[in-house]
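Undergrad:
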Amino acid sequence: MPELPEVEIAARNLRSWLRKKTIDAVTISRTRVVRGGSAAKIAESLVGGRVTKVDRRGKWLRLTLEGGALLFSHLGMSGRWVKRAKVDEILRSERARLDLGSVSVRYVDPRMFGRLVLASADIDEWTSLGPDPLTDGVDAKVLEKALSKIRRSIKEALLDQRVLAGIGNIQATEALWRARIDPRAPAQSLEGAQVKALAKAMVASIEDTLAHEEGPEITYVEDAGAPNPFPIYGREGEPCPRCRTALVRIVQGGRATVFCTECQARQARPKRRAT
DNA sequence: AACGGAACCTGAAAGC
DNA sequence: TGCTTTCAGGTTCCGT
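What follows is the structure in C-alpha cells.
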C-alpha cells in the first residue's frame, strides 16, 4: 500500500520524468479518479504546459503547473505512477496518462480509491495534514501534545493524518514495534520517553523503507508474488526478530495490527504518591 | 469533538 | 476444478 515512503518515491520519480518537458496530451480513461472538476478540464489545464514543481506532504502529491494551477494526486490503496514509452500498450488498470514527447507517464490504480484533483489553491485535504515526518521531522513535544487529547489507542491515533501526515498501517505497525510500545495503549497514556522513542522509530522506519524500495518501478507488499520486506507487518505467527516470541495479530479500528506481546508489553505505571 | 462502523473498489488467496 | 468467501486498507461519510 502506498504510505509515506512509497509516495515519496513517486514524487522523486515524477520530478525526473516530468521535468522541463511539455505535456502534449492528457488522457483520463476513468473519470472516477477525478474530483474537483471534469476530466476535460484537467486535460485543458495541462496540455501545452509544463509541471514546474512536484511536492509531497504525507500521502498527497501536488504538481504545480505553469500558470499556477495545481494538480493533486492521492494514490489511495493501489495507485501508482509509472513511466512507459508513448507507444507502449495501455496497462491493466490504467486510469490516466500524460504524454510528453516519446514518454508517457501513466496512473495505474486497480481499486480506484486514489484521485486526481485540479485546483487553483491548496485543498483542505492538503492543508489539514499534520507534520510530515520526513520533511518536517517529528517533534516529540508536539506529538505528545497531540496524543494527549486522544483516548483511542496509539495505533489508531497514528493513522490520523492530522497527527502525523503519511503514516499508514504498515509504518504504524513497524514504528510501534521499534519503539517497544503496546499498540493497544491509549494514545494519551504514553509517557515522554515513549513518545520520544516513537518519534525516532517513525523516522527510522520510514527511512529504512525508502532505502529499500527506491526505484522507478515500485512494488507494493500486497502485489502478487511480492516479497514482504517488513520485519513485523504481515508476519503474524512468525518469531519476533528481537525476542523470538510468536507475533500476534489483532484488529484495531477495523485494521490489522501485528505486534509482540512480550517486548511491546505495556510499561508498568509508575507508582502514584498518595496525596 | 471524538468515536465506531459502513461504504467505496478490485483482485488475489483461501476455503469448500 | 470451479465457485464462494475473505481479506487487503486510505479516506470519507454518517450516525451516535
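All residue numbers for the first sequence refer to my numbering, where the first residue is -1 and numbers rise by one. Virtual Cβ for every residue (Gly too), placed ideally from N, Cα, C.
#1: What are the start and end residues of the beta strand (DSSP E) that includes E53?
#2: Counting pairs of beta carbons, one from the stretch 74 to 82 and one from the stretch 117 to 129, are three or more of them closer than 8 Å?
#3: Within this structure, are the beta carbons of G35 and Q159 separated by less than 9 Å?
#4: Do you know how far the Cα of E172 is from the Cα of E4?
#5: Are three or more beta carbon pairs between the stretch 134 to 146 and the stretch 190 to 205 nearer than 8 Å?
#6: From what residue to what residue does the beta strand (DSSP E) around E23 run?
#7: Looking only at its chain, what residues have a beta carbon closer than 8 Å to the beta carbon of R48, apart from the 5 residues adjacent to it on each side?
#8: For a minimum of 3 consecutive residues, which ranges assigned as the beta strand (DSSP E) are wholly contained in the stretch 113 to 168?
#9: Report all residues from its chain with a CB closer than 8 Å to the CB of M(-1); omit the five preceding and five following residues, and keep chain order.
#10: In this structure, how does DSSP classify A272 when only helix, strand and coil are distinguished?
TA: With the given structure in hand:
#1: Here residue 53 is Asp; the residue named in the question, Glu, does not match the sequence. That run of the beta strand (DSSP E) goes V49 to R55.
#2: No, the stretch 74 to 82 does not touch the stretch 117 to 129.
#3: no
#4: 15 Å
#5: yes
#6: Looking at the sequence provided, one finds Ala at residue 23 rather than Glu. Where A23 is concerned, the enclosing beta strand (DSSP E) stretches over A23 to I26.
#7: L16, K18, K19, T20, I21, L63 and E64
#8: 113 to 117
#9: Apart from sequence neighbours up to five positions away, the residues of its chain that approach M(-1) with a beta-carbon distance below 8 Å are M75, S76, G166, N167, I168, Y218, V219 and E220, ordered along the chain.
#10: Interpretation of A272 is limited by its pLDDT of 47, a score under 50 that renders its predicted location unreliable; the figure taken from the coordinates is listed afterwards. Of the three classes helix, strand and coil, the one that applies to A272 here is coil, per DSSP.
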